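This report refers to the structure that appears directly beneath it.
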Amino acid sequence: MRLSIKVAALSVILAADLVFFLFFSTRLSEYYDQIFQAMPWADAQEMAFVVILGLVIALLVSFLLVRILVKRLLKSLQRGPENE
Amino acid sequence: MAKPPSKPAEAPKPAEATSKKAYHEKVSKESKEYLMGALPSITVGVIAAILLWLFGNLIFIPIAEGIEWFGYPLPQILTFIILIALAVFVLKILVDVRKAIDALAGLAAVEIGAPADVTPTEVEHYTTAMRGLFYIIIVSLAFLLFSDYLARIHPALSGVILVAIVVWAIFEIWRAVTAISSEIKRYSTEWAGKALK
Chain A
2 MRLSIKVAAL SVILAADLVF FLFFSTRLSE YYDQIFQAMP WADAQEMAFV
52 VILGLVIALL VSFLLVRILV KRLLKSLQRG PENE
Chain B
158 MAKPPSKPAE APKPAEATSK KAYHEKVSKE SKEYLMGALP SITVGVIAAI
208 LLWLFGNLIF IPIAEGIEWF GYPLPQILTF IILIALAVFV LKILVDVRKA
258 IDALAGLAAV EIGAPADVTP TEVEHYTTAM RGLFYIIIVS LAFLLFSDYL
308 ARIHPALSGV ILVAIVVWAI FEIWRAVTAI SSEIKRYSTE WAGKALK
């Protein structure tokens, strides 16, 4: 997979994750609650599971993004003097 | 870190000079390689730890307020998860920083010391001093990341760890000062010897 596609895909996942928790739970809390009420399990357990999952996804995706970008930056820096 | 080259105890002068020059070049080359290898890894670790702290403190813990998971409060479960992840990142950063500091100390010994006259003891002294100072800076910064989460688990935990860090920092500063003072002593003895000739 190309680097730009990887970075774009990871950024979209991170943005979706953060927007879901930051925007839905604060600004559109009715819709946020409706999502959990529509599911068959107890709301508190669903919410807890989803929040933990959201944190883990945000952590993994941001770590991968930073890792890819720093590696790319290092490669560019190492290639720089050779090109000149 | 570069190991001292094996050489006979009473080697003839040209051989000793060649060995010293080889050691100088070895330390310089290896230090640069280690530094280039460790810096990206440290950057990734630091940015990941800061992002984790931000996500935890600003988004996920406020959302988790008031939610319970099988009878346990969710903010404390999240705090525990974040603490473990932060500990992993900080340990990774410390390992990389150790490599980078050894490399920096090697470079410092090569640059500050007399050209082609670097001894393993000198490198060791610079390593001890730099390790001490950088460890204090990194552990203090790591404590700032951890303190909020530790206080959420128990209010006294943060204070107890801070006292331990202060005691340890005093010990590290004492070690760094001892290492640097022995280098200063060596240089001043050399200069005094030259001046008296």
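Residue numbers (this note's numbering), protein chains in the order written: chain A, 2 to 85; chain B, 158 to 354.
We treat Cβ as the ideally placed atom computed from N, Cα and C, and that holds for glycine.
Note that the coordinates shown come from a computational prediction; the quantities given were computed from them, not determined experimentally.
**Asked** Between B/A242 and B/L231, is the Cβ-Cβ spacing less than 7 Å?
**Response** no
- prompt: Helix, strand or coil: which one does DSSP assign to B/W226?
  reply: strand
Proximity below 7 Å, CB of B/T200 to CB of A/V62: no
* Simplified DSSP state of B/H181, which is helix, strand or coil -> helix
Three or more C-beta pairs below 8 Å linking the region 282-301 of chain B and the region 319-327 of chain B: yes
- Just how far apart, CA to CA, sit A/S5 and B/V252? For A/S5 and B/V252, the distance between alpha carbons rounds to 31 Å.
Between B/V201 and chain A, is the shortest Cβ-Cβ distance under 7 Å, so that the two count as touching?
yes
Relative to chain B, which residues along the region 13-35 of chain A have a C-beta separation below 7 Å, given in chain order? Per Cβ criterion, the list reads L19, F22, L23, S26.
Practice item. Please list the residues of the region 318-330 of chain B that have a C-beta atom closer than 9 Å to any C-beta atom in chain A, keeping them in chain order. Key: none
Using a Cβ-Cβ cut-off of 7 Å, state whether B/K164 counts as contacting chain A.
With a pLDDT of 41 at B/K164, under the threshold of 50, the predicted position of this residue should be treated as unreliable, and no value is reported.
Relative to the C-alpha of B/A262, which residue among B/I207, B/K186, B/G202 is closest?
B/K186
key: B/F217 versus A/V67, A/Q79, A/L54, A/F64, residue with shortest Cα-Cα distance   = A/L54
Say whether chain A places a C-beta atom closer than 7 Å to the C-beta of B/F217.
Closer than 7 Å: yes.
(request) With DSSP collapsed to three states, give me the class of A/T27. (result) coil
Answer yes or no: do B/L314 and B/L307 have a C-beta to C-beta separation smaller than 7 Å?
yes
Does the beta-carbon of A/M40 have 16 or more other beta-carbons within 10 angstroms, so that it is buried, or is it exposed? exposed
Beta-carbon proximity of B/A286 to B/I337, cut-off 7 Å: Yes. Within cutoff.
Exercise. Counting only beta-carbon atoms, is B/I295 nearer than 7 Å to chain A?
Worked result: no
What is the DSSP secondary structure of B/P232, counted as helix, strand or coil?
The answer is helix: DSSP assigns B/P232 an H, G or I state.
Is it right to say A/L66 is buried, meaning 16 or more other beta carbons lie within 10 angstroms of its own, or is it exposed? buried
With a threshold of 7 Å between beta-carbons, can A/S77 be considered close to chain B, or not? no
Just tell me which of A/F50, A/F37, A/L60, A/R28 has its CA closest to the CA of B/Y229.
Across the set A/F50, A/F37, A/L60, A/R28, the C-alpha of A/F50 shows the shortest separation from the C-alpha of B/Y229.
Next item on the list: Within its chain, find whatever has a CB closer than 6 Å to the CB of B/Y191; leave out the 5 residues flanking it on each side and keep chain order.
Entry: Taken in chain order, the residues that qualify are K256, A260.
| query | Does DSSP classify B/H282 as helix, strand or coil? | reply | helix
**Prompt:** How would you call B/S188, buried or exposed, if buried means at least 16 neighbouring beta carbons within 10 angstroms?
**Reply:** buried
Measuring from the CB of B/L302, is there a heavy atom of the ligand ZN at a distance below 6 Å? This structure lacks the ligand ZN; in fact it carries no ligand of any kind.
Under 7 Å, do B/A299 and B/V280 count as touching if we go by C-beta distance? no
Original post:
How big is the Cα-Cα spacing for A/I14 and A/Q46?
Top reply: If you take the alpha carbons of A/I14 and A/Q46, they lie about 23 Å apart.
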